[in-house]
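*Asks:*
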Amino acid sequence: METTVTDAGPFEKRIVLYVPEERLDDAKSAAARRLSRTMRVPGFRPGRAPRKVIESTVGAERLRAEAIDDSLGELVGEALKDLDLILAATPTVERIEDTDTGIEISVIVASWPSLTETPSYVGREIEVPNPRVSDDDMAEQIDRMREQFAELTEVDRPAAVDDYAIIDLMAVDPEGSPITELAAQDLTIRVGPSFIEGLDAAIVGLSQGESKEFEAVLPDGFGEKAGTAAVITVTIKAIQEQVLPELTDAWVDDTTEFDTVDALRAELHSRIAQGKFNQSWEQFRSQLINNIVDEIALEIPDSIITSEMENVLHRFNHSLSEQGVEFDDYLQVTGQSQETFVADLREAATKNVKTDLLLDAVAEDAGLTVEDDELAAMHSAVGQSTGESAGQVAARLSDTQTKALIDDIVRKKAHDELLKAAVPIDEDGNPIDFEVLAAELTAQREEEE
């Protein structure tokens, strides 16, 4: 079998295979044997019908097509042996044509791309939320706890933000007809951002017994009336002020698992510190990658993007299945169209491919490799989920699967390399040392234990 190879685009090759009729004849015989095992041919047991009988039954054209389909993978595989290519997606058959001496098959193969230059990452600054616990963080958390035990006391003064107001509501449309969906009596609301735009501004400054009119457009949630212009009248029936309990050792002892204010503060500080650390660290990890990937301008073969889209979709469908959610129901709940979902899927797949290209480039620059014990540890980890030993996993993995496993390990190392080289900073431009913070959190937990 002869082949010719030409460039078909960035990271793509066009391979034309010239398959002689003798080779195709062997493939026809194999296809006939396969078909005979699944067909009922009068006078012959399954698998025993001769090729000529099968050919006369299904037709010469179908047998030829079956033979080509059956042997296509083997033919392309042979052609690729002599090429120094790492396939990144399933080859695409461009055309199949009959010739005087056999058939001519043209396929497009995509090789895994590479960056001509690794984007700069050493010393790259990435802004993340300050992971240090501030006085405001502590005060907000403690006030949130106190609010759970707050009492409402009626006051004789104009309403202010964060008060509780007991109100009556009535509304009419531009023609003066009542909007019954908005009529309410003795409704208690907290003064602040409301379900109706402008309601909080109308209430602030009103005293008990006073009313005020304002105009608004009814939001979603009002059914057929959503989007309707309305003139709304709000009347104040009563104003209540939230009174928080005093923060004392006695109150802490009565309402929490702690005996003193200091003990409560220590626990809250520990929880907040861990939460802020996790948030900042995860944002640093993801934002660093996103920041660099956005700079990568590379034309990637569509077959590679499509292949990754299939991988992402497979994982997504598996996740939905575990939750007992149908795909159509997911689209309905999230308000997405299939077109929007596919567009988002393509964007995610493109980002994934570019991320792998970045990590591959970093790994090559840093000379990252995988040691035997690291691969064995990965085999062991896989075996824990499949009930196999590390040796059994290693024995059953194909060369392609083993390479994928090695690539995963190397890319994780490359990600760690990026994290070590970049500089996280807070909103004020101050550098953040996550190692020091992690050590402080560990020491604090050990002290509490």
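Quick note, the sequence shown lines up with residues 7 to 455 if you use my numbering.
Yeah, the Cβ is synthetic: ideal placement off N, Cα and C, and Gly gets one too.
Small disclaimer: the values here were computed from a predicted structure and weren't measured.
1. Which value, in whole angstroms, describes the spacing of the CA atoms of Asn436 and Val442?
2. Helix, strand or coil for Glu84? Go by DSSP, reduced to three states.
3. Check whether the Cβ atoms of Ala171 and Ile242 lie closer than 8 Å to each other.
4. What residues in its chain sit with their C-beta under 8 Å from that of Gly389, if we drop five residues either side in the sequence?
5. Are Ala95 and Ala177 close, meaning C-beta to C-beta below 8 Å?
6. Measuring CB atoms only, is the segment 23-33 touching the segment 96-111, in the sense that at least three cross pairs come out at less than 8 Å?
7. Would you kindly report the start and end of the unbroken alpha helix (DSSP H) that includes Gln5?
8. Assuming Ala279 and Val139 make a contact with CB atoms under 8 Å, what is their CB distance in whole Å?
9. Looking at the secondary structure, which residues open and close the alpha helix (DSSP H) in which Ser140 lies?
10. For Gln154, which option in Val258, Gly79, Ala55, Pro180 has the closest C-alpha, if you only look at C-alpha atoms?
11. Enumerate in chain order the residues of its own chain whose CB-to-CB distance from Glu380 is below 7 Å, with the five nearest sequence positions on each side excluded.
12. Determine the burial state of Val115: buried for a count of at least 16 other Cβ atoms within 10 Å of its Cβ, exposed for fewer.
13. Per DSSP, what kind of secondary structure is Ala177 in: helix, strand or coil?
14. Using C-beta distances below 6 Å, list every residue in its chain close to Lys282, excluding the 5 sequence neighbours before and after it, in chain order.
15. Is it right to say Ser327 is buried, meaning 16 or more other beta carbons lie within 10 angstroms of its own, or is it exposed?
16. Quick check on Ala37: buried or exposed, where buried means 16 or more other Cβ atoms within 10 Å of its Cβ?
17. How many angstroms separate the CA atom of Gln248 from the CA atom of Asp300?
18. When the Cα of Lys360 is compared with those of Thr124, Asp106, Phe264, which residue comes out closest?
19. Buried or exposed, going by whether 16 or more other CB atoms sit within 10 Å of the CB of Ser42?
20. Taking Arg417 and Asp362 to be in contact with their CB atoms under 8 Å, please state how far apart those CB atoms are, rounded to whole angstroms.
21. How about the segment 227-234 and the segment 179-194: do they share at least three Cβ pairs that are nearer than 8 Å?
22. According to DSSP, is Ile60 part of a helix, a strand, or is it coil?
23. For the putative contact between Gln285 and Asp169, defined by C-beta atoms under 8 Å, what is the C-beta separation to the nearest angstrom?
24. Taking all protein chains shown into account, decide if Met315 is buried (16 or more other Cβ within 10 angstroms of its Cβ) or exposed.
25. Put Ala189 into one of helix, strand or coil per three-state DSSP.
26. Does DSSP classify Asp432 as helix, strand or coil?
27. Buried or exposed for Ser213, please, with buried defined as at least 16 other CB atoms from any protein chain shown within 10 angstroms of its CB.
28. Straight-line CA distance for Glu131 to Thr234?
29. Within its chain, find whatever has a CB closer than 6 Å to the CB of Pro16; leave out the 5 residues flanking it on each side and keep chain order.
30. Does the beta-carbon distance from Ala73 to Leu30 come in below 8 Å?
31. Can you tell which of Ala145, Ile92, Val99 has the C-alpha that lies nearest to the C-alpha of Pro119?
*Replies:* In terms of the structure at hand:
1. Counting from one through the sequence shown, the residue named residue 436 turns up at place 430. Counting from one through the sequence shown, the residue named residue 442 turns up at place 436. Those two C-alpha atoms are separated by around 14 Å.
2. Locating residue 84 in the sequence shown gives position 78, counting from the first residue. It is helical.
3. The count along the sequence shown starts at 1 and reaches residue 171 at position 165. The count along the sequence shown starts at 1 and reaches residue 242 at position 236. Remark: C-beta atoms of Ala171 and Ile242 approach each other more closely than 8 Å.
4. For the purposes of this step, residue 389 is taken as the residue at position 383 of the sequence shown. Non-local C-beta neighbours of Gly389 in its own chain, meaning closer than 8 Å and more than five positions away in sequence, comprise Ser395, Ala396, Gln398, Val399, ordered along the chain.
5. Within the sequence shown, the letter at position 89 stands for residue 95. Within the sequence shown, the letter at position 171 stands for residue 177. Ala177 is positioned such that its CB atom lies no closer than 8 Å to that of Ala95.
6. Enough Cβ pairs lie closer than 8 Å, so yes.
7. Past the edges of the chain, shown from 7 to 455, lies residue 5, and the structure says nothing about it.
8. For the purposes of this step, residue 279 is identified with residue 273 of the sequence shown, where counting begins at 1. For the purposes of this step, residue 139 is identified with residue 133 of the sequence shown, where counting begins at 1. The pair is a contact, with the Cβ atoms about 5 Å apart (cut-off 8 Å).
9. The residue you call residue 140 lines up with position 134 of the sequence shown. Taken as a continuous stretch (DSSP letters only), Ser140 belongs to no alpha helix (DSSP H), as it is neither H nor E.
10. Sequence index remark: in the sequence shown, residue 154 carries index 148 (1-based). Distance check between Gln154 and each of Val258, Gly79, Ala55, Pro180 places Val258 closest, using alpha-carbon atoms only.
11. Taking the sequence shown and counting its residues from 1, one reaches residue 380 at position 374. The answer, listed in chain order, is Ile415.
12. For the purposes of this step, residue 115 is taken as the residue at position 109 of the sequence shown. Label assigned to Val115: buried.
13. Locating residue 177 in the sequence shown gives position 171, where the first residue counts as 1. In this structure, Ala177 counts as strand in the three-state DSSP scheme.
14. The residue labelled residue 282 in the question sits at position 276 within the sequence shown. Answer for Lys282: Pro137, listed in chain order.
15. Working through the sequence shown from its first residue, we reach residue 327 at position 321. By the neighbour-count rule (16 or more Cβ atoms within 10 Å), Ser327 is not buried but exposed.
16. Here residue 37 refers to the residue found at position 31 when the sequence shown is read from its first residue. So Ala37 counts as buried.
17. For the purposes of this step, residue 248 is identified with residue 242 of the sequence shown, where counting begins at 1. For the purposes of this step, residue 300 is identified with residue 294 of the sequence shown, where counting begins at 1. Distance between the alpha carbons of Gln248 and Asp300: 48 Å.
18. One-based indexing of the sequence shown puts residue 360 at position 354. From the listed residues Thr124, Asp106, Phe264, the smallest Cα separation to Lys360 is found for Thr124.
19. Taking the first residue of the sequence shown as position 1, residue 42 is located at position 36. Buried: at least 16 other Cβ atoms inside 10 Å.
20. Here residue 417 refers to the residue found at position 411 of the sequence shown. Here residue 362 refers to the residue found at position 356 of the sequence shown. Yes, they are in contact, since the Cβ atoms of Arg417 and Asp362 sit about 7 Å apart, within 8 Å.
21. In short, these stretches touch, since the Cβ pair count reaches three.
22. Locating residue 60 in the sequence shown gives position 54, where the first residue counts as 1. Helix.
23. For the purposes of this step, residue 285 is taken as the residue at position 279 of the sequence shown. For the purposes of this step, residue 169 is taken as the residue at position 163 of the sequence shown. The pair is not a contact, with the Cβ atoms about 32 Å apart (cut-off 8 Å).
24. As a working note, residue 315 is residue 309 in the sequence shown. The residue in question, Met315, is buried, as its Cβ has 16 or more Cβ neighbours within 10 Å.
25. By one-based count along the sequence shown, residue 189 stands at place 183. Judged by DSSP in its simplified three-state form, Ala189 adopts coil rather than helix or strand.
26. Translated into the one-based positions of the sequence shown, residue 432 becomes position 426. Three-state result, Asp432: coil.
27. Along the sequence shown, read from residue 1 onward, the residue named residue 213 stands at position 207. Exposed: under 16 other Cβ atoms inside 10 Å.
28. Residue numbering aside, residue 131 sits at position 125 when the sequence shown is read from its first letter. Residue numbering aside, residue 234 sits at position 228 when the sequence shown is read from its first letter. Across the structure, Glu131 and Thr234 are spaced so that their CA atoms are roughly 48 Å apart.
29. In the sequence shown, the residue the question calls residue 16 occupies position 10. Within the same chain, Glu305 come within 6 Å of Pro16 by CB-CB distance, once the 5 residues on both sides are set aside.
30. Counting from 1 along the sequence shown, the entry for residue 73 is found at position 67. Counting from 1 along the sequence shown, the entry for residue 30 is found at position 24. Yes; because the gap between Cβ atoms is below 8 Å, this pair is in contact.
31. By one-based count along the sequence shown, residue 119 stands at place 113. Among Ala145, Ile92, Val99, the Cα nearest to that of Pro119 belongs to Ile92.
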